[in-house]
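Taking it in order: structure first as structure tokens, then the write-up.
Numbering (this note's numbering), first residue to last: 3 to 82.
Given below as structure tokens:
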């Protein structure tokens, strides 16, 4: 497939759920003892770390969107 198609279907342009899944998988693979290790303490900590990163990033994006909408509303009220 052409590079432009590969770029469109990459994680960068995917849903947040896909990105979070990849973060979680990468962190869990770093600390796994073997392929079937899904319940050790290290794996559970990695899983929760990925979820915390996901929620932190989502919260920061929501705050920046709220600030943007607030500024747009103020500008709109100023011109009316």
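All residues carry an ideal CB built from backbone N, CA and C; glycine is no exception.
Residue burial classification, residue 64 (beta-carbon count within 10 angstroms, cutoff 16):
For the purposes of this step, residue 64 is taken as the residue at position 62 of the chain shown. Residue 64 should be labelled exposed.
Excluding the 5 residues flanking residue 48 on each side, which residues of the same chain have their C-beta closer than 6 Å to its C-beta?
Within the chain shown, the letter at position 46 stands for residue 48. Around residue 48: 29, 30, 33.
Could you pull out every residue in the same chain whose Cβ sits closer than 7 Å to the Cβ of residue 39, ignoring the five residues on either side in sequence?
On the chain shown, residue 39 is found 37 positions in, with the first residue counted as 1. Result list for residue 39: 45, in chain order.
Note down the Cα distance separating residue 19 from residue 66, rounded to an integer number of angstroms.
Position 17 of the chain shown, counted from the start, is the residue given in the question as residue 19. Position 64 of the chain shown, counted from the start, is the residue given in the question as residue 66. When rounded, the distance between both Cα atoms is 20 Å.
Just checking my contact of residue 55 with residue 25 at CB under 8 Å: how many whole Å lie between their CB atoms?
For this step, residue 55 is matched to residue 53 along the chain shown. For this step, residue 25 is matched to residue 23 along the chain shown. That pair is a contact at about 6 Å.
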